[in-house]
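Residue numbers (mature numbering (1 follows the signal peptide of the UniProt record, and there is no 0)): -20 to -1, 1 to 336.
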């Protein structure tokens, strides 16, 4: 069955669930004043102009996901129009048309609560993984239903990162808030602990150049594996020239994997040798003066880099020689930034509620 057919089935189910014009908990009807809303914004001109994309159709009208706080975002590797959102309270949301409209997950287990991470199998587009509190759920039917894949029984430890291997189908890594990394090679049916970093895992990347190369950034360190997680080497020493760079926020790469950009407490660093050496990008703000909240790299042109602070979007088209700035929505934090892998002029920006 095609994903489009599953979309129709899920949409009909959603209308039945939502009933007479009700939106999901925390959702609102559209109003003329959308500037106060967060949710998701989209640009189709590489960041020149942004439009809020929060339409949530129901049987009685169009609701709005603009009050949803976005905690994770993912684009389907095989269908760039399919976008998944993990929210802080409203579960999993999905768009099948490039963010023009959104719908809730069909499974009630995914319709509320915090979804901290979402990942899709690169070769099986209907295999979807979500991190919900101490559990990992997997769907094998494009999100129609979800089954529990992993349950963390240790108190206070949650799953906060999920990534899938683009080369080895069914291979999944998860990161826990205590620094443990677990791996599955059978679509999440069984798991093994392959490493404990002892710190919260903030960044997780499988190289597009060689899927055996895995990079991990924690709140106090940087690690690398060249054999799919069997062995790890701490690479924090390569960051020693950049004060506080060991506090890693994110890692992104271009489609070839030849360029990797790291955001950290220092600022932005660039590597062209799979994390062995790094150089600092010169930003408009001094090192360590701002917190970078989101980071993205054009998959087809490694000279085009985007990053955000709480209220400002920065962009370079020449590898960091010059930057342009754009003011963002106030009262919300720009938290997630995705570049469409097929049409890089399309970007999606997810906002979360600004913590005071």
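Ideal Cβ positions, reconstructed from N, Cα and C, are used throughout, including at glycine.
Computed from a predicted structure; not experimentally measured.
query                                                                                                   : result
Closest Cα partner of residue 75 within the set 86, 69, 68                                              : 86
Per-residue DSSP class, three states only, for residue 3                                                : Any reading at residue 3 must be qualified, since the residue scores a pLDDT of 47, below 50, and its modelled position is unreliable; the value itself is stated next. Reduced to three states, the DSSP call for residue 3 is coil.
Nearest-angstrom Cα separation, counted from residue 120 out to residue 273                             : 32 Å
Cross-strand partners of residue 56 (DSSP beta bridge)                                                  : 59
Residue from 264, 323, 245 with nearest C-alpha to residue 279                                          : 323
Same chain, Cβ closer than 8 Å to residue 5, five either side skipped, listed in chain order            : Bear in mind that the predicted position of residue 5 carries a pLDDT of just 45, short of 50, making it unreliable; the figure below should be weighed with that in mind. Only 69, 70, 92 meet the Cβ criterion.
Length of the line joining the Cα atoms of residue 150 and residue 266                                  : 43 Å
Euclidean distance between Cα positions of residue 19 and residue 314                                   : 10 Å
Residue interval of the beta strand (DSSP E) (run including residue 193)                                : From DSSP, residue 193 is part of no beta strand (DSSP E); its letter is neither H nor E.
Span separating the alpha-carbon of residue 217 from that of residue 233                                : 21 Å
Contact between the stretch 208 to 216 and the stretch 190 to 198 (3+ Cβ pairs under 8 Å)               : yes
Limits of the beta strand (DSSP E) - the one that residue 153 falls within                              : 152 to 156
C-beta contact flag for residue 168 and residue 118 at 9 Å                                              : yes
Where residue 51 sits in the DSSP three-state scheme                                                    : strand
Bridge partner(s) assigned by DSSP for residue 286                                                      : 276, 295
Own chain, CB closer than 6 Å to residue 312, minus 5 neighbours either side, in chain order            : 18, 331, 334
Whole-angstrom distance between residue 113 and residue 135, CA atom to CA atom                         : 11 Å
Whether residue 277 touches residue 21 by CB criterion (9 Å)                                            : no
Three CB pairs or more closer than 8 Å across the stretch 129 to 146 and the stretch 180 to 191         : yes
Cβ-Cβ separation, residue 300 to residue 284 (assumed contact under 8 Å), whole Å                       : With 8 Å as the limit, residue 284 and residue 300 do not qualify as a contact, their Cβ atoms being about 10 Å apart.
Under 9 Å between C-beta atoms of residue 116 and residue 54                                            : no
Endpoints, beta strand (DSSP E) assigned at residue 37                                                  : 35 to 38
Beta-carbon spacing of residue 179, residue 201 below 9 Å                                               : yes
9 Å Cβ cutoff met for residue 177 and residue 166                                                       : no
Ordered list of beta strand (DSSP E) runs contained in the stretch 101 to 165, each at least 3 residues : 108 to 112, 115 to 119, 127 to 131, 139 to 144, 152 to 156, 160 to 164
Helix, strand or coil at residue 74 [DSSP, three-state]                                                 : strand
Helix, strand or coil at residue 324 according to DSSP, with G and I counted as helix                   : coil
Residue -17 versus residue 104 - alpha carbon distance                                                  : Residue placement at residue -17 is flagged as unreliable, the pLDDT there being 46, under the threshold of 50; a coordinate-derived value is accordingly withheld.
Exposure label - residue 28; buried when at least 16 CB within 10 Å                                     : exposed
Residue 313: first and last residue of the uninterrupted beta strand (DSSP E) it sits in                : 312 to 319
Opening and closing residue of the beta strand (DSSP E) in which residue 305 lies                       : 304 to 307
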